[in-house]
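Following: one structure in structure tokens, then a few remarks.
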Amino acid sequence: MRTTEQPYAEPLPRLSSAEGLLHWVATVDHKQIGLLYLLTSLSFFLVGGFEALLLRAQLAVPGAQLLPPGVYNQLFTMHGVTMIFFVVMPALLGFANYAVPLLIGAQDVAFPRLNALSYWLFLFSGLLLHFSFLAGSAPDTGWFSYAPLTEPPFSPGANVDYWLLGLLVSSVGTIATAINLIVTVLLLRAPGMTIRRLPLFVWMTLVTGFLIIWAMPALTAALAMLLVDRYLGGHFFDPAAGGNVLLWQHLFWAFGHPEVYIMILPAMGIVSEVIPVFARKPIFGYTFVAAATLGIAFLSFMVWAHHMFAVGLGPLVNTVFGAMSMLIAIPTGIKVFNWLATMWGGALRFTTAMLFAVAFVAMFTIGGLSGVTMAVVPIDWQITDTYYIVAHLHYVLFGGSVLALFAGTYYWFPKMTGRLLSERLGHWHFWLTFAGLNLAFFPMHASGLLGMPRRIYTYAAQPGWPELNLTSTVGAGLLGVAVLVFLWNLAWSLRAGPPAGADPWDAWTLEWATSSPPPPHNFTALPPIRSRRPLWDLKHPEQRDPEHEHG
Amino acid sequence: MLGKHALPAALLGAITLRLLFPPHARAQPSSPFAPASPEASAIAQLFLITLGIAGVIFLLVQGLLLYMVARFRARPGAGAPRPVFGYRPLEIGWTVGPALLLAGVFGLMLPLMGSDPGAADRVPSPPAEALAVTVIGHQWWWELRYPTLDVVTANELHIPVGEPVRVRLESADVIHSFWLPRLGGKLDVIPGRTNQLWLYTEAPGVYLGPCAEFCGLQHAWMLLRVIAQPRADFLAWAAQQRQPAAPPSGAAQRGQQLFLEQTCVNCHTLRGTPAQGTVGPDLTHVGSRQTLGAGVLENTPANMYRWLQDPQAVKPGSLMPTFYLSDADTAALAAYLAGLK
Amino acid sequence: MAEHRPSIDRHLLGMGLFISSEALFFLGLIAAYVLYRGQALAGPGAVPLDIPRTALFTGFLLASSATVQLAARRLRADDRRGCQGWLLATVLCGTVFLAGQATEYARLLHERIAPSHSLAATTFFTLTGFHGLHVLVGLLALLILLGLALAGDVTARRRSGLEAISLYWHFVDGVWVAVFSVVYLWTLL
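Residue numbers (our numbering), protein chains in the order written: chain A, 1445 to 1995; chain B, 2 to 342; chain C, 748 to 936.
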């Protein structure tokens, strides 16, 4: 028998019936919780995307009066907060929730009820944050909200309070999920699944879990201090009373920098699963990729002040952090080479998942290269706080994390639902996205280099700015269309997509050794696990992978 | 080590950027790539080299991707490719290579690190008696004080050409950032802390700089103008700025009367009059400035009227309320202020 | 093939990871306290501390670490009554400590020293306050545990809950040792 095909006919509980709804509300099954995370983050993605379209409409021409400054400032703040905390992070954790137990041959995560609580905390915090729009005072001080702008004299309204409380609540859920995933990977692996045989998505998730639990405390400490200042008349960030506003920046970026790796490592994990399968070759240099991940995680705690090169911390501090920031480029960069080498000599199948994964490599390279230019301190003195930075962050977060999320969707949707997404619509989705993202964000390198600062609600017609901004707006519009195509693909395929079967991609990891969707307990029987590609070994017994052992 | 390739890379970058930024006598973009000071030039050069290296890597990676997409497409009927799990020498090579490259760039960066932006060692030997200016960032305008010259003004920083100027940066409220792209890197303006940089250029002209740290509602309209003038012109300007407010004539007299009777005096200073408010910009010579409202309006009589009629419509959220004066009163006030050259 | 699997209980591992995270949270608060300490000690804003009194209450908190450890030991020996007794002792000692903290706060507030009073007061209340919150949460957990123990749900075989909570309790004590040293004892140098 070639595969362990487990026919399992029971579909996902329907939302339309009362007991279906109750089932979803009360579920502690990691697969369903994962789906809840994914659906909720998709919803927030639509909200954040709409916010971006409004921003781009306002910036399409100089001196536009579509949005007054107060509204614009709320929108750009919420766009950032939403995309980071309520889209990219929870979506990646949603995929982790769904796939990690399957990938390691486990029945569920270590703490299923804590898992459910984490999701509901996430949902609640997102609703709390967005309620601020109804209250007319959405956060408006930027996603990293520097003090003392956030102190009561300068932000007397409730805007900052929504931001503060929304993030505090969501951080509890995030930390809980991270603990859950770490314990799951360390303790619930099936026999034979040693650490050295972990699929790279699992490895990256494991490392990300540690990043979360050790980086989020810096944010919660800063939020606690801001809370004391705002509600109890404290003076943490009050220079008149001896406080130091830079304390906020140090604490925030001590969280904020690891945070960006939290948002990219699991994405790299998805890409490391997808490319080998559709290149028909194992990942090139597993050990170096895994080691590089550890290197990135370790270094990510030592570069935070590169967000503060223009603060005036002195040449020693700037030089050290500049050096560390260049250092972290190395393990990040070599992964690109590993993916390229995986593709070299392969037999590339350009399913939509593969298109997004390959585009990830191309786009992330651009974002990574602009990042390296920012590590050169004197250069950063010119480009920090300009649209060059906005370009960089969108290349790594959209061109990186979001494209990887799309790749993961096309890859795992069949496993989750038992149906394949339409490849025809998928290709449209891909090309519209690729065109839109480059049209929207590449010109921002230029507008930044032409002196355009970030976070301005309008601008005078300085040379080049109007043309570049209009181009970006058109690109953003394209992205909007692309998302509509994606939504249509999801809706149509859920109803009428071709049946997927257990292993539609002829892949190698454990999730494909069970039905689509899997039974509640995940596996009825597991294939023997003696290498990194258990299903490859099963399907090609004469060409088994080397046995990587010691965990 | 890097020198051999630095020149061609810089040349390639320079040509590309010249195409993007054609030199016009007047419309030089306010960009780091149109440098007008030694520091800005040094940074631009380093930037070109770094961009050149990044460009090469970009072409390499994208080129490889395109090649592989074409060459290694799965062909129907062909068997599975030979599994290759890695090749140590290659992996070590592509780790060490980039490391060396980055070390090289790091080495190029070190000489510019002397201190923070506008470091003393990057301007020609600043004299002990260099001109000193204190720049105070406010929501949403720039206050400029020349202690040794007894000059106080707003939003326009005049400096003599060819002389280093010591700039102290302070904030009256939240964090702002002082940035003139053509003159050098930016440096934040932080409450509770004084930063310092040196400003120096040998090219007379007007240099624009936006506030470069989000500082609230009207962050977008907090533009600073640096006006570099030959020494004689600069001294003449300073002498003029030291004078008390010009006495009004004609319709402007009614304007002065309004100014002194209304609450303008609570926020603004007019040297030589009872108006000594310090909340808003000093208006003693407001008529001589190029813009109003920190760059939101060009300073013309019509715009002066427009600003006074309804500042909240022009710059919503700015700390100057709308006073709802009659048209005649507004015109008189505008005439008075426009005459304060 | 030989395979070595760690045999650590999942609840202990989870609690250990959580503690490592909370430790960093307190490190952040302590760092801010230390950063601002110059202002804190000099000048009129300093917070008047009663070191001997607080040392006494510290003794109770440290004792509660011992009692919870004894409770765990009794449980491993299948002595459920003994375990419940030591758990109760832990709750009582912890409550005494919290009462000591509460009365200290009351004294300060009576003297008009609130977080808004000065930077020193801000950092003092924040650091000790968040610690106090963690103690309160721990006490609630211990009470629930005590309730479950009285209902017979905590046994030698099912003791991971007790061990995880007692680990948390030791952590809370450890944080207090750090806070007490930095805030109180350091003023003696």
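Positions of the beta carbon are idealized from the N, C-alpha and C atoms, including for glycine.
- Around the C-beta of residue 1885/A, 16 or more other C-beta atoms lie within 10 Å, and the residue is accordingly described as buried.
- Under the Cβ distance rule, residue 918/C does not count among the residues neighbouring chain A, no pair being separated by less than 8 Å.
- The beta carbon of residue 1522/A sits no closer than 8 Å to any beta carbon of chain B.
- DSSP, read as helix, strand or coil, puts residue 797/C in coil.
- Bridge partners of residue 1913/A according to DSSP: none are assigned.
- In this structure, residue 199/B lies away from residue 152/B, with their beta-carbon atoms at least 8 Å apart.
- The alpha helix (DSSP H) runs lying completely inside the segment 1515-1555 of chain A and spanning 4 residues or more are 1533-1547, given in chain order.
- Leaving aside the five residues that flank residue 1803/A on each side, the residues in its chain whose CB is nearer than 7 Å to its CB run, in chain order, 1847 and 1878.
- Taken through DSSP and simplified to helix, strand or coil, residue 147/B comes out as strand.
- The beta carbon of residue 1620/A lies closer than 7 Å to those of 1558, 1561 and 1562 in the same chain, with the five residues before and after it left out.
- Contact between residue 1545/A and residue 1966/A holds: their C-beta atoms lie close to 6 Å from each other, under 8 Å.
- Under the rule that a run must span 4 or more residues, the alpha helix (DSSP H) segments found entirely inside the segment 1829-1867 of chain A read 1831-1840 and 1847-1861.
- Between residue 1660/A and chain C, the shortest Cβ-Cβ separation is below 8 Å.
- Within the segment 860-892 of chain C, 861, 862, 863, 864, 865, 866, 867, 868, 869, 870, 872, 873, 876 and 877 place their CB atoms closer than 9 Å to a CB of chain A, listed in sequence order.
- Counting other Cβ atoms within 10 Å of its Cβ, residue 332/B reaches 16 or more and is therefore classed as buried.
- Taking residue 240/B as the centre and dropping the five residues before and after it, the same chain places no C-beta closer than 8 Å to its C-beta.
- For the set 1939/A, 1930/A, 1715/A and 1573/A, the Cα lying nearest the Cα of residue 1808/A is the one of 1715/A.
- Within the model, the alpha-carbon separation for residue 1706/A versus residue 1744/A is close to 10 Å.
- Counting along the chain, the unbroken beta strand (DSSP E) around residue 171/B starts and ends at 166-172.
- Note that the C-beta distance between residue 284/B and residue 271/B is below 8 Å.
- For the alpha helix (DSSP H) assignment, the uninterrupted runs of no fewer than 4 residues enclosed by the segment 1898-1948 of chain A are, from N- to C-terminal side, 1909-1940.
- With a contact defined as Cβ atoms closer than 8 Å, residue 1811/A and residue 1843/A qualify at about 6 Å.
- In the DSSP assignment, residue 229/B forms a beta bridge with 160/B and 206/B.
- Rounded to the nearest angstrom, the Cβ distance from residue 1613/A to residue 1565/A is 6 Å, consistent with a contact under 8 Å.
- When C-alpha distances from residue 113/B are compared across 1917/A, 1501/A, 1582/A and 1825/A, the shortest belongs to 1825/A.
- For residue 108/B, the uninterrupted alpha helix (DSSP H) run begins and ends at 89-110, by DSSP.
- At least one C-beta of chain A is nearer than 8 Å to the C-beta of residue 95/B.
- Per the coordinates, the alpha-carbon of residue 1892/A lies some 21 Å from the alpha-carbon of residue 218/B.
- Residue 1723/A has its alpha-carbon roughly 28 Å from the corresponding atom of residue 1704/A.
- In chain order, 1554, 1627 and 1631 make up the part of chain A whose C-beta sits under 7 Å from the C-beta of residue 757/C.
- Contact check for residue 1943/A and residue 1862/A: beta-carbon distance about 6 Å, within the 8 Å limit, so the pair qualifies.
- Residue pairing of residue 1793/A in beta bridges, as defined by DSSP: absent, with no partner found.
- The beta carbon of residue 1695/A sits closer than 8 Å to some beta carbon of chain C.
- Between the segment 899-913 of chain C and the segment 815-825 of chain C, the count of Cβ pairs shorter than 8 Å is three or higher; the stretches touch.
- As the crow flies, the alpha-carbon of residue 214/B is around 13 Å from that of residue 1693/A.
- When 9 Å is used as the limit between beta carbons, residue 92/B is near these residues of chain A: 1728, 1729, 1731, 1732, 1778, 1781, 1782 and 1785, in chain order.
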